[in-house]
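Only one structure is covered here, and it is reproduced in the block below.
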Amino acid sequence: MGDLSFHVRTFVPGCADGPEMEAREALLKARDYAVSLITSRRELVSMNHAIMARDVASYFVFRDEPIQTLEVVVRYCRCLVQCALIADLLELEWEAMP
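Note that numbering that gives the first Met the number 0 numbers the sequence shown so that position 33 is 32, with each residue one more than the last.
Okay, here's the thing in structure tokens:
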């Protein structure tokens, strides 16, 4: 059992191995990555996307939700993290414009 699965099983004892565990682990990873983005970004739009990803992942990771819902939330959080990164790139491009 990995560190993340141990963490999941602590708060969701009935979590099944397979897709449900994978989704919950992905939400933990998305949450942690979003936190690292929040602390390293200076662009407000980028930071807001990262904050939303963290909040959504934190809200759903230990909730009793069907696997379909968890999978949609994982996709949503990944998109928010991507938006945060893209917003940061755009800010760099805008700064480089004469």
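Quick reminder that beta carbons are idealized off the backbone N, C-alpha and C, glycines included.
Everything numeric in this text was worked out from a predicted model, so none of it was measured.
| Item | Value |
| --- | --- |
| Among the residues of its own chain, which have a CB less than 6 Å from the CB of PHE61, if the five just before and after it don't count? | PHE10, VAL11 |
| Out of SER4, LEU26, ASP16, which has the shortest C-alpha to C-alpha gap to THR68? | LEU26 |
| Rounded to whole angstroms, what is the Cα-Cα separation between ALA83 and MET96? | 20 Å |
| As a quick exercise: from GLY13, VAL73, ILE85, pick the residue whose alpha carbon is nearest that of SER57. | VAL73 |
| Please classify CYS76 as buried or exposed, where buried requires at least 16 neighbouring CB atoms within 10 angstroms. | buried |
| Can you tell me which of the three DSSP states ARG62 falls into? | coil |
| Which of helix, strand or coil does DSSP assign to ALA22? | helix |
| Measuring alpha carbon to alpha carbon, tell me which of THR38, VAL34, ASP87, GLU42 ends up nearest VAL55. | VAL34 |
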